[in-house]
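Line by line, the protein sequences are chains A and B.
All residue numbers for the first sequence refer to the numbering used here, where the first residue is 97 and numbers rise by one.
All residue numbers for the second sequence refer to the numbering used here, where the first residue is 97 and numbers rise by one.
For each residue, glycine too, the CB sits at the ideal point set by N, CA and C.
2 protein chains.
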Amino acid sequence: MASNNMGSKPKVTIHHIAEKLNITASTVSRALNDNPRISEVTKKAVLKAAKQLNYQPNNIAAALRNGRSYIIGIIVPTADRAFFASVVRGIEEIANKLNYKVIICQSYDNYEKEVQTIDALLSARVDGIIASIGKNTENFDHYKRPQEKGIPLVLFDRTTDALEVSQVVIDDYLGAYKVVEHLIQQGCRRIAHFTSPKKVSVFKERLRGYTDALRDHDIPYDEELVIKSNLQLEDGRESMQKLLELDLKPDAVFSASDYGAMGAMQVLKEKKIRIPEEIALAGFGNEPFTSFSDPALTTVDQFSLTMGRITAELFFEHFKAGDKKLVPQKTVLKPELIIRGSSLRNPSKKK
Amino acid sequence: MASNNMGSKPKVTIHHIAEKLNITASTVSRALNDNPRISEVTKKAVLKAAKQLNYQPNNIAAALRNGRSYIIGIIVPTADRAFFASVVRGIEEIANKLNYKVIICQSYDNYEKEVQTIDALLSARVDGIIASIGKNTENFDHYKRPQEKGIPLVLFDRTTDALEVSQVVIDDYLGAYKVVEHLIQQGCRRIAHFTSPKKVSVFKERLRGYTDALRDHDIPYDEELVIKSNLQLEDGRESMQKLLELDLKPDAVFSASDYGAMGAMQVLKEKKIRIPEEIALAGFGNEPFTSFSDPALTTVDQFSLTMGRITAELFFEHFKAGDKKLVPQKTVLKPELIIRGSSLRNPSKKK
DNA sequence: TTATTCTGCGCAACCGATTGCATATTTAGC
DNA sequence: GCTAAATATGCAATCGGTTGCGCAGAATAA
Numbered sequence: 097m098a099s100n101n102m103g104s105k106p107k108v109t110i111h112h113i114a115e116k117l118n119i120t121a122s123t124v125s126r127a128l129n130d131n132p133r134i135s136e137v138t139k140k141a142v143l144k145a146a147k148q149l150n151y152q153p154n155n156i157a158a159a160l161r162n163g164r165s166y167i168i169g170i171i172v173p174t175a176d177r178a179f180f181a182s183v184v185r186g187i188e189e190i191a192n193k194l195n196y197k198v199i200i201c202q203s204y205d206n207y208e209k210e211v212q213t214i215d216a217l218l219s220a221r222v223d224g225i226i227a228s229i230g231k232n233t234e235n236f237d238h239y240k241r242p243q244e245k246g247i248p249l250v251l252f253d254r255t256t257d258a259l260e261v262s263q264v265v266i267d268d269y270l271g272a273y274k275v276v277e278h279l280i281q282q283g284c285r286r287i288a289h290f291t292s293p294k295k296v297s298v299f300k301e302r303l304r305g306y307t308d309a310l311r312d313h314d315i316p317y318d319e320e321l322v323i324k325s326n327l328q329l330e331d332g333r334e335s336m337q338k339l340l341e342l343d344l345k346p347d348a349v350f351s352a353s354d355y356g357a358m359g360a361m362q363v364l365k366e367k368k369i370r371i372p373e374e375i376a377l378a379g380f381g382n383e384p385f386t387s388f389s390d391p392a393l394t395t396v397d398q399f400s401l402t403m404g405r406i407t408a409e410l411f412f413e414h415f416k417a418g419d420k421k422l423v424p425q426k427t428v429l430k431p432e433l434i435i436r437g438s439s440l441r442n443p444s445k446k447k
Numbered sequence: 097m098a099s100n101n102m103g104s105k106p107k108v109t110i111h112h113i114a115e116k117l118n119i120t121a122s123t124v125s126r127a128l129n130d131n132p133r134i135s136e137v138t139k140k141a142v143l144k145a146a147k148q149l150n151y152q153p154n155n156i157a158a159a160l161r162n163g164r165s166y167i168i169g170i171i172v173p174t175a176d177r178a179f180f181a182s183v184v185r186g187i188e189e190i191a192n193k194l195n196y197k198v199i200i201c202q203s204y205d206n207y208e209k210e211v212q213t214i215d216a217l218l219s220a221r222v223d224g225i226i227a228s229i230g231k232n233t234e235n236f237d238h239y240k241r242p243q244e245k246g247i248p249l250v251l252f253d254r255t256t257d258a259l260e261v262s263q264v265v266i267d268d269y270l271g272a273y274k275v276v277e278h279l280i281q282q283g284c285r286r287i288a289h290f291t292s293p294k295k296v297s298v299f300k301e302r303l304r305g306y307t308d309a310l311r312d313h314d315i316p317y318d319e320e321l322v323i324k325s326n327l328q329l330e331d332g333r334e335s336m337q338k339l340l341e342l343d344l345k346p347d348a349v350f351s352a353s354d355y356g357a358m359g360a361m362q363v364l365k366e367k368k369i370r371i372p373e374e375i376a377l378a379g380f381g382n383e384p385f386t387s388f389s390d391p392a393l394t395t396v397d398q399f400s401l402t403m404g405r406i407t408a409e410l411f412f413e414h415f416k417a418g419d420k421k422l423v424p425q426k427t428v429l430k431p432e433l434i435i436r437g438s439s440l441r442n443p444s445k446k447k
């Protein structure tokens, strides 16, 4: 009855189990792994002894021997934005089912940090990396390193075609196109757009969707309606104010981020400009708050949870393929336009 | 020039570096760790060779040898709620500075999953665990295991006093008290409260704050004004509807969660009941969306980022203390009342 | 009865880095 | 010029499982 775990670390290993049962560690190891070459009797005895001794397997030792850690690394710009948090959740869900754990790393959109993180994950001997590239990253060499080391890499959302890797993105172009088309259908003709100066593909694609939709509906592109900023709440406010100073004011604003749209909404409400009658509003991302504003914000849903799951699944495909490298694959998810009060000029339609 | 990393795993180890330089692995190891017993000349040579060979340290091997993984495990109910995401971010920030990585695990408020997670983290040989207890957990034995194994554990937010562990919480009681006091000052007398039936301390504390504030201001406690639910958006809607069916309707609602409050707000707006004139509203948590609603929601900020940082710092204190176990310590953060339009009946005050 | 195939388990090397304890070579001390 | 103290590096064990190979004894086949 007197257990001798007095200090702090009992450190029970398979050798202790072996000793207790007068067998070898090999047998214990095989028994614990349910190896068919071990008799049922022995297996039961081992399991029992393991429980009695309060044995805790040491994955580190196993990982060293097998070269497999059962951990995958995730790199996101920030973990506290709803979109990334959901993607991470989706990834974790799938990973867990396969007995994998995930390490979360945040790059904070910082290039150096991103490079270091790759290195750290490689040293931690993760079995693979799933990442979303930081806003300020323009050189992608560090993303080549995992592949050189033979560990799979999959990118999501903020990706690049400069790398030969599989990626999961939503069709930002299509999402933006749908938004603008919808605004046009609502009767808007001077549609402004908030975009980012950064070379991030998602914003470039949204801008392209915007311009193409205009063109396809014979609406001239007006440069002064396209405002570049960091797309945060405060930026949205400033951008909206700039627009209101124009001689020819817009009758709609499509922001490439929900935060920017919220900023615009605040300004419009302060100035008692009616939404959507005078100026319609739409964002992108379907952040949770968009459904709570008044009017609720029209936006584009990115299926973040789904994106996480699909990314993880794609990752494991590559992982299982192992050496016989799969051809990089680009999965494009269809976004969904969420029409809400901020852009719906004909509420009578709502029966 | 001809590198031979043709297959997939070059597997460069310190032995290869040693071989190349005609020294031993011991020396390489010491050189890489900047051990003073190694000459500068050798160190430089080692570093150079390491770079040439594209050497990647294997932390797993080091972890096995030193019994330190430089990884800490975090258990949260869900990673995609703003509050937890921010706490995680705060923890990660501090951990990273000390060269630690974090593994995120989600319990999904599921007891079994929580137990399994503890076990998985223990097997992964994390250097410590930081956790927030799931809603449905009523037996805490699994949280005793890390301590038995000598690895530190710190709890945050959803904690329990049934365990001898350090914890970081906000003063839910005080936060609730302040909210109710504020509502009373705004002239409200029939203040309803949305709470949870679960045995989670945070909700019990908020309820206590509510009742005490009423008592201290000589307002009778009315049981029919306290509605129990899961506190999500839909629950908030239902609860609000119940309240509106009362003979004596409330003139304020204090929800223990922002989501519940938003649900209530939706119902009130649909019924054209003016907020805050007829019914004032307040939530708890300062979720990002609370500032975007119209009217913006009065709520309580929990300083989630700060909580994460403090939790991590407390954790590392314990970690450094090591065997000489520190006395469990409870850090209570002061929450901040954020007064917004949903409860401010005297806007003239806003100069 | 002898040859062959299973079964069940032990032996020992291995994964890659770390470190206490030598050992060899200088440098310093007197 | 000889011993003591540094200095720089090597040796070998260790962390805790895992696994290819081998070897008994039992079961089956011939």
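Sheet register partners of residue i (DSSP bridge)
i: residue 199 (chain B); result: A:199 and B:169
i: residue 152 (chain A); result: Answer is none; residue 152 (chain A) lacks a bridge partner.
i: residue 238 (chain A); result: BP columns for residue 238 (chain A) are empty, so no partner.
i: residue 396 (chain B); result: B:433
i: residue 381 (chain A); result: A:397
i: residue 439 (chain B); result: None; residue 439 (chain B) has no bridge partner.
i: residue 389 (chain A); result: B:389
i: residue 376 (chain B); result: B:348
Integer-rounded CB distance, given that residue j should sit under 8 Å from residue i
i: residue 439 (chain B); j: residue 282 (chain B); result: 6 Å
i: residue 266 (chain B); j: residue 431 (chain B); result: 5 Å
i: residue 108 (chain A); j: residue 149 (chain A); result: 5 Å
i: residue 211 (chain B); j: residue 168 (chain B); result: Not confirmed; about 19 Å, so no contact.
i: residue 240 (chain B); j: residue 296 (chain B); result: Between residue 296 (chain B) and residue 240 (chain B) the Cβ distance is about 20 Å, and since that is not below 8 Å, they are no contact.
i: residue 287 (chain B); j: residue 321 (chain B); result: 7 Å
i: residue 264 (chain A); j: residue 422 (chain A); result: Residue 264 (chain A) to residue 422 (chain A), Cβ: 14 Å. No contact.
i: residue 185 (chain B); j: residue 362 (chain A); result: So it is not a contact: roughly 25 Å between Cβ atoms.
i: residue 174 (chain B); j: residue 204 (chain B); result: 6 Å
i: residue 358 (chain A); j: residue 388 (chain B); result: 5 Å
i: residue 315 (chain A); j: residue 280 (chain A); result: 7 Å
i: residue 242 (chain A); j: residue 218 (chain A); result: 7 Å
i: residue 298 (chain B); j: residue 254 (chain B); result: 6 Å
i: residue 275 (chain A); j: residue 350 (chain A); result: 5 Å
i: residue 119 (chain A); j: residue 170 (chain A); result: Contact doesn't hold; Cβ gap of about 41 Å is too wide.
i: residue 382 (chain B); j: residue 434 (chain B); result: 6 Å
i: residue 408 (chain A); j: residue 181 (chain A); result: About 15 Å separates the two Cβ atoms, so there is no contact after all.
i: residue 157 (chain A); j: residue 155 (chain B); result: Not confirmed; about 13 Å, so no contact.
Continuous alpha helix (DSSP H) stretch holding residue i: start and end
i: residue 416 (chain A); result: 400–417
i: residue 307 (chain B); result: 297–312
i: residue 179 (chain B); result: 178–193
i: residue 111 (chain A); result: 110–117
i: residue 288 (chain A); result: Here residue 288 (chain A) belongs to no alpha helix (DSSP H); instead the beta strand (DSSP E) covers 287–291.
i: residue 222 (chain B); result: Where residue 222 (chain B) is concerned, there is no enclosing alpha helix (DSSP H), given that its DSSP letter is neither H nor E.
i: residue 128 (chain A); result: 121–128
Extent of the continuous beta strand (DSSP E) to which residue i belongs
i: residue 430 (chain A); result: Neither: residue 430 (chain A) is in no beta strand (DSSP E) and is coded neither H nor E.
Residue i: CB within 8 Å of a non-hydrogen atom of the ligand GDP
i: residue 249 (chain B); result: In terms of ligand content, the structure shown is empty, and the ligand GDP therefore cannot be addressed.
Residues of the segment 205–234 of chain B whose Cβ lies closer than 7 Å to any Cβ of chain A, in chain order:
216, 218, 219, 220 and 221
Residues of the segment 329–360 of chain A with Cβ closer than 8 Å to any Cβ of chain B, in chain order
358
If contact means a Cβ-Cβ distance below 9 Å, which residues of the segment 389–401 of chain A contact chain B?
389, 390, 391, 393, 400 and 401
Alpha helix (DSSP H) runs contained entirely in the segment 315–360 of chain B, provided each spans 4 or more residues:
329–340
Can you give, in chain order, each stretch of the alpha helix (DSSP H) that sits fully within the segment 236–281 of chain B and has at least 4 residues?
241–244 and 268–281
Determine which residues of the segment 167–184 of chain A have a Cβ less than 8 Å from any Cβ of chain B, and write them out in chain order.
167, 174, 175, 176, 177, 178, 181, 182 and 184
Which of the residues in the segment 152–164 of chain A, read from start to end, lie with their CB under 7 Å from any CB of chain B?
152, 153, 154, 155, 156, 157, 159 and 160
Report the residues of the segment 245–271 of chain B with a CB closer than 7 Å to any CB of chain A, ordered along the chain.
245 and 246
Can you pull out the residues from the segment 186–200 of chain B whose beta carbon lies closer than 7 Å to at least one beta carbon of chain A?
188, 197, 198, 199 and 200
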